[in-house]
Amino acid sequence: MTRPLSKTVRAPIPSRVTKHVQSASALDLSTQECNEAAALAKSVFRQRPRLWGCCQSVVYTQGDAIDDGRFPLTGELDGMEAEECYGYVAKFNSGKERDNTCGACKAACMLLPDLEDTIRASFVAEMGSYRCREIKKAKDPKCSCDACVALGSRVLAKLATPLMDSAGME
20 MTRPLSKTVR APIPSRVTKH VQSASALDLS TQECNEAAAL AKSVFRQRPR
70 LWGCCQSVVY TQGDAIDDGR FPLTGELDGM EAEECYGYVA KFNSGKERDN
120 TCGACKAACM LLPDLEDTIR ASFVAEMGSY RCREIKKAKD PKCSCDACVA
170 LGSRVLAKLA TPLMDSAGME
């Protein structure tokens, strides 16, 4: 006898993330630096010759800063060169994170782990969720994978710039 598949229970967005949504939606992501990062990420997302996924494309926007030491890596990326990072983060493309986090969101969270709640809140404010499956279910053109890649790279550029400036690394 086969057992019916259990329904997937959608986990609520943690309160530690939702409390940041108001401030995350107030981030000015229309600066020239943010727009340049978004354009760069979109230029490599699903494009030949590499056909990179969402997570890799967002990490790529900080590749030069990673290689020249302006963007110090921590956590699981500690000690990697940019090329190594691109290969490592490929496993997180398309929401393959354990809690189905959007790959573009995951990239920004991996590069700025101390700001994970703010980054996720930015996705909740803009896309309605930070989970890939939920974003795709919206079937809203504003919530496409391209839009997520652009958002992830904009948020990363916005949050990383002051950190690099304050560390005197730029």
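Each number in the numbering used here comes from the position in the sequence shown (counting from 1) with 19 added on. Even glycine gets a Cβ: it sits at the ideal position worked out from N, Cα and C.
C-beta atoms of residue i and residue j nearer than 8 Å
i: residue 109; j: residue 82; result: no
i: residue 96; j: residue 129; result: yes
i: residue 143; j: residue 77; result: no
i: residue 90; j: residue 179; result: yes
i: residue 126; j: residue 74; result: yes
i: residue 123; j: residue 88; result: no
i: residue 175; j: residue 80; result: yes
i: residue 98; j: residue 132; result: no
i: residue 46; j: residue 141; result: yes
Three-state class that DSSP yields for residue i in the structure shown
i: residue 64; result: strand
i: residue 152; result: helix
i: residue 50; result: coil
i: residue 21; result: Because the pLDDT of residue 21 is 41, which lies under 50, any placement of that residue in the model is unreliable, and the number read from its coordinates should be weighed accordingly. If DSSP states are grouped into helix, strand and coil, residue 21 belongs with coil.
Cβ separation of residue i and residue j, assumed to be a contact under 8 Å, to the nearest whole Å
i: residue 57; j: residue 173; result: 5 Å
i: residue 106; j: residue 152; result: At roughly 25 Å, the Cβ-Cβ gap does not stay under 8 Å, so residue 106 and residue 152 are not in contact.
i: residue 177; j: residue 48; result: 6 Å
i: residue 119; j: residue 150; result: 5 Å
i: residue 121; j: residue 85; result: No, residue 121 and residue 85 are not in contact; Cβ-Cβ is about 21 Å, not under 8 Å.
Mind pulling the alpha helix (DSSP H) runs of 4 or more residues that sit fully within the segment 91-150?
101-108, 122-130 and 135-146
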